[in-house]
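S.K.: Here's a structure for you.
Number of protein chains: 2
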Amino acid sequence: MGEVSDKTKALGERKSRIIAAAVGCFLENGYNQTGIREIAKKAGISLGNLYNHFRSKEDVLAEIAVLEREELQPFQRLLTDHDDPMKTLMRFVSEFANYTASEEYAVLSIEIAAEAVHNPEIASLFMANRSLLVTSLQALLEKGQADKCFRNFADSKQTAELILDTIEGYALREYLTTGRKILGTEELGNFIRHATCR
Amino acid sequence: MGEVSDKTKALGERKSRIIAAAVGCFLENGYNQTGIREIAKKAGISLGNLYNHFRSKEDVLAEIAVLEREELQPFQRLLTDHDDPMKTLMRFVSEFANYTASEEYAVLSIEIAAEAVHNPEIASLFMANRSLLVTSLQALLEKGQADKCFRNFADSKQTAELILDTIEGYALREYLTTGRKILGTEELGNFIRHATCR
DNA sequence: ATGTAATGAACGAACGATCGTTCATCCGTA
DNA sequence: TACGGATGAACGATCGTTCGTTCATTACAT
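Protein chains in written order, with our numbering: chain H, 11 to 208; chain C, 11 to 208.
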């Protein structure tokens, strides 16, 4: 039994090494400009062996999208703190903006979005990741609305989406202009605070 | 004289036919997935002839980015109406959101952004397009701030950027989720109105 | 008016490189 | 010996680009 779990664990490690290598390649050159050989080489395995872990190149990107989803969970958890909704929202804005403006997130989400345009499977993964945050954020908005610390939202879900739109748009631009540096997010926080407070 | 201008005009038409074909291909399959042959075929010219008009594939994308810039001018002009800043802003939000959520703009701007990550020349074109709007929008914000119809902005340029971030993020998501349909933009208008009014 | 040289747009075969994928083969272990 | 993970040569396709060539048109000399 121990052998089996050792083996499966070794397989899992190998798989995550491939993912890490793929992420590195996509960051450097983009998804479409990265070849399978490049990924295999960076992962330290052979070309053919990669196909023992992933059925196709698209599979690799899909796996990355799934892993990105897991990285969103801390932010989702952060949003469940409903004690002081506005304070929670501001904390979320600041931390999430820092995360999304990181090179890894910014570049990967662009690559995934670009691929999603022409690839329904990737698109659905992309949207699944997003709706995870939208739901939690919407709950926070509604609580804060009931507590009178937020304004009245005609459509709290749409508002949640708009908050994410703003953060993601901000982070992407910040990454493209400053080149992977993230400065203060006070102005972003101000903007969203005014957009939501009563 | 007439002959010369006929020729240059014919050349210009040919060039714009190539651009139109390229745009069509990029919309269907994306920039990296589109081959030069495909563009030439759709434009109704030969492979080699395309290289008489563009030095490289990248040149074609760069030209598209330049043309996109020209399409932004109506919106820039719209922003120069400073009579009722909030009303002007709301009109801009509504019209610009509709434009950016169109298939052509949404897909092309993703492709261009994705390419910009790894290509400085494209990146600078991308940002030049944007700063055109930022400047006009910033002027409107400052006028409205002086007129007391907007709140006080700590950094009006940053605020202008954030407004564009929100619209573009909104439009991109709207396109990816609803699939090229754009519904009402009232909620978006509300969001930005609250974010800017005093 | 006629012949001739020059122009450059248009073409598509061909190039070398690289793509994603497959598969016959090898090697270490049990 | 038998087995399963690992290998990389090989495949057909396609990539962006180059280049030798054709051909209609223009400009000029006679």
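A virtual CB, placed ideally from N, CA and C, is assigned to each residue, including glycine.
Being a predicted model, the structure only gives us computed values, none of them experimental.
Quick one: which chain C residues come within Cβ less than 8 Å of M137(H)?
M.R.: What you label residue 137(H) is simply residue 127 of the first sequence in a count that begins at 1. L186 and T187, listed in chain order.
S.K.: Decide if S15(C) is buried, meaning its Cβ has at least 16 other Cβ atoms within 10 Å, or exposed.
M.R.: As a working note, residue 15(C) is residue 5 in the second sequence. Low per-residue confidence applies at S15(C): pLDDT is 43, beneath 50, and the placement is therefore not dependable, though the value from the model is reported in the following sentence. By the neighbour-count rule (16 or more Cβ atoms within 10 Å), S15(C) is not buried but exposed.
S.K.: List the residues of chain H that F201(C) touches, going by C-beta distances under 7 Å, in chain order.
M.R.: Stepping through the second sequence from its first residue, residue 201(C) is reached at position 191. Simply T169, L172 and A205.
S.K.: Cβ closer than 7 Å: which chain H residues qualify as neighbours of R183(C)?
M.R.: Here the question's residue 183(C) lines up with position 173 in the second sequence. Near R183(C) (Cβ distances below 7 Å), the residues of chain H are E171 and D175.
S.K.: Can you tell me where the alpha helix (DSSP H) holding L150(H) begins and where it ends?
M.R.: Along the first sequence, one-based indexing puts residue 150(H) at 140. Looking at the DSSP string, the run of the alpha helix (DSSP H) that includes L150(H) is P130 to A156.
S.K.: Pick helix, strand or coil for Y210(H), following the three-state DSSP scheme.
M.R.: One cannot answer for residue 210(H) here, as it falls past the ends of chain H, which runs 11 to 208.
S.K.: Would the beta-carbon of P130(C) be found less than 7 Å away from any heavy atom of the ligand GDP?
M.R.: By its list of ligands, the structure shown contains no ligand whatsoever, and the ligand GDP lies outside what it can speak to.
S.K.: How many Å lie between R24(H) and L82(C) at the Cα?
M.R.: Translated into positions along the first sequence, residue 24(H) becomes position 14. Translated into positions along the second sequence, residue 82(C) becomes position 72. Going by the C-alpha atoms only, they are around 48 Å apart.
S.K.: Please list, in chain order, the chain C residues whose beta carbon lies closer than 8 Å to that of A30(H).
M.R.: Position 20 of the first sequence, counted from the start, is the residue given in the question as residue 30(H). By Cβ distance, chain C contributes nothing, its closest Cβ being about 19 Å from A30(H), past 8 Å.
S.K.: Is F85(C) helix, strand or coil when you go by DSSP?
M.R.: The residue you call residue 85(C) lines up with position 75 of the second sequence. Here F85(C) sits in helix by DSSP.
S.K.: Hey, A116(H) and A124(C): beta-carbon distance below 8 Å or not?
M.R.: As a working note, residue 116(H) is residue 106 in the first sequence. As a working note, residue 124(C) is residue 114 in the second sequence. For A116(H) and A124(C), no; Cβs fall outside 8 Å.
S.K.: At the level of alpha carbons, what is the spacing between F106(C) and L174(C)?
M.R.: Here residue 106(C) is taken as the residue at index 96 of the second sequence, counted from 1. Here residue 174(C) is taken as the residue at index 164 of the second sequence, counted from 1. Roughly 9 Å between the two C-alpha positions.
S.K.: Excluding the 5 residues flanking Q148(H) on each side, which residues of the same chain have their C-beta closer than 7 Å to its C-beta?
M.R.: Here residue 148(H) refers to the residue found at position 138 when the first sequence is read from its first residue. Taken in chain order, the residues that qualify are S166, K167 and A170.
S.K.: With a 10 Å radius around its C-beta and 16 neighbouring C-beta atoms as the bar for buried, classify S146(C) as buried or exposed.
M.R.: To locate residue 146(C), count along the second sequence from 1; it is residue 136. S146(C) should be labelled buried.
S.K.: Quick check on I32(C): buried or exposed, where buried means 16 or more other Cβ atoms within 10 Å of its Cβ?
M.R.: Position 22 of the second sequence, counted from the first residue, corresponds to residue 32(C). The sequence given here places Ala at residue 32(C); Ile does not occur at that position. The residue in question, A32(C), is buried, as its Cβ has 16 or more Cβ neighbours within 10 Å.
S.K.: Taking 8 Å as the CB-CB cut-off, is V70(H) touching chain C?
M.R.: Along the first sequence, read from residue 1 onward, the residue named residue 70(H) stands at position 60. Taking Cβ atoms only, chain C never reaches closer than 8 Å to V70(H), which makes this a no.
S.K.: Give the interface partners of Q43(H) over in chain C, defined as CB-CB distance under 9 Å, in chain order.
M.R.: Here the question's residue 43(H) lines up with position 33 in the first sequence. Chain C residues near Q43(H): N42 and H128.
S.K.: With DSSP as the reference, label C159(C) as helix, strand or coil.
M.R.: Taking the first residue of the second sequence as 1, we reach residue 159(C) at position 149. Correct three-state label for C159(C): coil.
S.K.: Should the stretch 197 to 205 of chain H be regarded as contacting the stretch 124 to 143 of chain H, the criterion being three or more beta carbon pairs within less than 8 Å?
M.R.: No, they do not touch.
S.K.: Does R161(C) come within less than 8 Å of chain H when only Cβ atoms are used?
M.R.: Here residue 161(C) is taken as the residue at index 151 of the second sequence, counted from 1. Chain H, which has a Cβ nearer than 8 Å to the Cβ of R161(C), makes this yes.
S.K.: If we count Cβ pairs, one from each stretch, closer than 8 Å, do we get three or more for the stretch 92 to 105 of chain C versus the stretch 151 to 159 of chain C?
M.R.: Taking 8 Å as the limit for Cβ pairs, the verdict is that the stretch 151 to 159 of chain C does touch the stretch 92 to 105 of chain C.
S.K.: Does DSSP put H204(H) in a helix, in a strand, or in coil?
M.R.: Here the question's residue 204(H) lines up with position 194 in the first sequence. Correct three-state label for H204(H): helix.
S.K.: Within 8 Å of any Cβ in chain H, is that where the Cβ of Y109(C) sits?
M.R.: Locating residue 109(C) in the second sequence gives position 99, where the first residue counts as 1. Chain H, which has no Cβ nearer than 8 Å to the Cβ of Y109(C), makes this no.
S.K.: Distance cutoff 8 Å, beta carbons only. Does V117(H) sit that close to anything in chain C?
M.R.: In the first sequence, the residue the question calls residue 117(H) occupies position 107. Yes, contact with chain C.
S.K.: Between L71(C) and I122(C), what straight-line distance do the alpha-carbon atoms span, to the nearest angstrom?
M.R.: Stepping through the second sequence from its first residue, residue 71(C) is reached at position 61. Stepping through the second sequence from its first residue, residue 122(C) is reached at position 112. Taking the straight line from one Cα to the other gives about 8 Å.
S.K.: If we cut at 8 Å on Cβ distances, does E178(C) have a partner in chain H?
M.R.: Mapped onto the second sequence, residue 178(C) falls at position 168. With 8 Å as the cut-off, E178(C) counts as an interface residue toward chain H.
S.K.: Excluding the 5 residues preceding and the 5 following L77(H) in the sequence, name in chain order all residues of the same chain whose CB lies nearer than 8 Å to its CB.
M.R.: Locating residue 77(H) in the first sequence gives position 67, counting from the first residue. Excluding sequence neighbours, L77(H) sits near I29.
S.K.: Helix, strand or coil, according to DSSP, for A209(H) in the structure here?
M.R.: With chain H running from 11 to 208 in the structure shown, residue 209(H) is simply not present.
S.K.: A156(C) versus chain H: which residues are under 9 Å apart at the beta carbon?
M.R.: Within the second sequence, residue 156(C) is the residue found at index 146, counting from 1. Going along chain H, no residue has its Cβ under 9 Å from A156(C), so there is no contact; the nearest lies around 18 Å.
S.K.: Output the distance between the C-alpha atoms of G12(C) and T188(H), rounded to the nearest integer angstrom.
M.R.: Within the second sequence, numbered from 1, the residue matching residue 12(C) stands at position 2. Within the first sequence, numbered from 1, the residue matching residue 188(H) stands at position 178. With a pLDDT of only 32 at G12(C), under the threshold of 50, the placement of this residue in the model should not be trusted; the figure read from the coordinates follows. Approximately 49 Å between the Cα atoms of the pair.
S.K.: Determine whether the Cβ of A124(C) lies closer than 8 Å to any Cβ atom of chain H.
M.R.: The sequence position of residue 124(C) within the second sequence is 114, counting from 1. Yes, because at least one Cβ of chain H sits closer than 8 Å to the Cβ of A124(C).
S.K.: If we define contact as Cβ-Cβ less than 8 Å, is I120(H) a contact residue for chain C?
M.R.: As a position in the first sequence, residue 120(H) is number 110, starting the count at 1. Yes, its Cβ sits closer than 8 Å to a Cβ of chain C.
S.K.: Find the nearest neighbour of A181(C) within the set L150(C), E48(C), S104(C) and G58(C), judged by alpha-carbon distance.
M.R.: Here the question's residue 181(C) lines up with position 171 in the second sequence. Cα-wise, what sits closest to A181(C) is S104(C).
S.K.: Measure the C-alpha to C-alpha separation of L57(C) and R27(H) and round it to an integer number of angstroms.
M.R.: The residue given as residue 57(C) occupies position 47 in the second sequence. The residue given as residue 27(H) occupies position 17 in the first sequence. One C-alpha to the other measures close to 42 Å.
S.K.: According to DSSP, is N42(H) helix, strand or coil?
M.R.: Here the question's residue 42(H) lines up with position 32 in the first sequence. If DSSP states are grouped into helix, strand and coil, N42(H) belongs with coil.
S.K.: Give me, in chain order, the residues of the same chain whose beta-carbon lies closer than 8 Å to that of L172(H); leave out the 5 immediate sequence neighbours on both sides.
M.R.: Stepping through the first sequence from its first residue, residue 172(H) is reached at position 162. Within the same chain, L172(H) has close Cβ partners A205.
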